[in-house]
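Start counting the sequence shown at -14; every next residue gets the next number (the working numbering).
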Amino acid sequence: MRHLTRPEGSRPEDLHVSRRTVTGMFFAGYAVAALSAKAAPVVTPEDGLAIQEVTIPNGAEKMLPAYVARPATAGQRPAIIVVNEVFGIHDYIKDVCRRLARAGYVAVAPDFFYRSGVNLPAIKDFKEIMPIVEQAGEAQVDGDVKATSDWLKAYEFAAPRKIGITGFCWGGAVVWRSAMVDPDIRAGVAWYGRLNKIIPRVRELKAPVLGLYGGHDQGIPPSDVEAMQAALEKAGKIDSSIKVYAEAGHGFHADYRDSYDPAAATDGWARMLAHFTANGVA
């Protein structure tokens, strides 16, 4: 655990925080490889929020960049780590953080792919994206999550014992793992994260996870979802569960993509907030 740098609690300048609105550290716009010409993405206003870009100490020579949104008013808030899809930090992920901030959370989205030095959201060819994503190994990513939860515990606006995590697609699998390996995570919500590597490790879960999946997901077969549900039951993980939206596909929450399903996205968001509340992250 990182120690507070002042008796009254660490200040932003101690924790590598910039108070300016994010304009330069992250890509401005939506991931071009997935953006639909017909999309009308949700845009959450910044009024009443503090929007920051930060760098988080993680043991690397170059620290972990992250986008942060939180209520502008003083006081400790529960915190949510937001884990991106394979496209990195772009406007959709930033807006998810702002939505959580409007719900009363400190939301922080680390840039897990920053070591590549490549601006992932700007890449048009999906085939060029995956080799970069694959460079971010599980141990490295899990370490970055732990660095983020440590940073939140020393951050004056975050309640140190009320830290949750949510993630989408690639980030959904990170959520399941983080609930196994990071003792600071109180609860997780995984949006359509791959399960094939998670199923054998179900007994390692230390925090309850809600999985949100689409019945028409072409990348995550129904057999994996069924196997995960059976594994949770067998392991006695009664606080973890999976909700399947029968008519939704992969990426149903991503409002900038053709896969967006408003009904499933809205219901999933409500279930996410309820899951965090029920498990002490509120």
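Positions of the beta carbon are idealized from the N, C-alpha and C atoms, including for glycine.
For the set Lys47, Gly152, Arg162, His260, the Cα lying nearest the Cα of Tyr177 is the one of Gly152.
Within a 10 Å sphere around the beta-carbon of Asn181 sit fewer than 16 other beta-carbons, which makes this residue exposed.
Around Asn264, the same chain offers Gly149, Arg171, Ala172, Ala192, Pro193, Asp224 as residues with beta carbons nearer than 8 Å, after the five sequence neighbours per side are excluded. Taking C-beta separations shorter than 6 Å and ignoring five residues to either side along the sequence, the partners of Val266 in its chain run Pro63, Lys147, Gly149, Arg171, Ala172, following chain order. Just measuring C-alpha positions, the residue of Met115, Met165, Lys79, Ala220 sitting nearest Asp127 is Met165.
The alpha-carbon separation between Gln214 and Gly9 amounts to approximately 42 Å. Arg62: not part of any alpha helix (DSSP H); member of the beta strand (DSSP E) spanning 62 to 68, first to last residue.
Counting along the chain, Val81 sits inside the alpha helix (DSSP H) bounded by residues 76 to 87. Residue range 170 to 176 is occupied by the beta strand (DSSP E) that includes Ala172.
Taking 8 Å as the upper bound for CB-CB distance, Ala94 and Ile108 are not in contact here, some 19 Å apart. Counting only the Cα atoms, Ala132 lies some 29 Å from Val17. Segment contact: the region 44 to 52 against the region 113 to 124, fewer than three CB-CB distances shorter than 8 Å; contact not assigned.
If you draw a straight line from the Cα of Ser226 to the Cα of Ala216, it is about 11 Å long. For Gln37, the secondary structure class from DSSP, reduced to helix, strand or coil, is strand. Counting only runs of at least 3 residues, the region 127 to 155 fully encloses the following beta strand (DSSP E) elements, listed from N- to C-terminal order: 143 to 153. In this structure, Pro26 and Tyr15 form a Cβ contact; the two beta carbons are roughly 7 Å apart against a cut-off of 8 Å. Secondary structure at Ile227: strand, using DSSP grouped into helix, strand and coil. Rounded to whole angstroms, the gap between the alpha carbons of Glu232 and Gly199 is 7 Å.
At a Cβ-Cβ threshold of 8 Å, Asp110 and Ile74 do not count as neighbours. It is roughly 20 Å from the alpha-carbon of Val174 to the alpha-carbon of Ser208.
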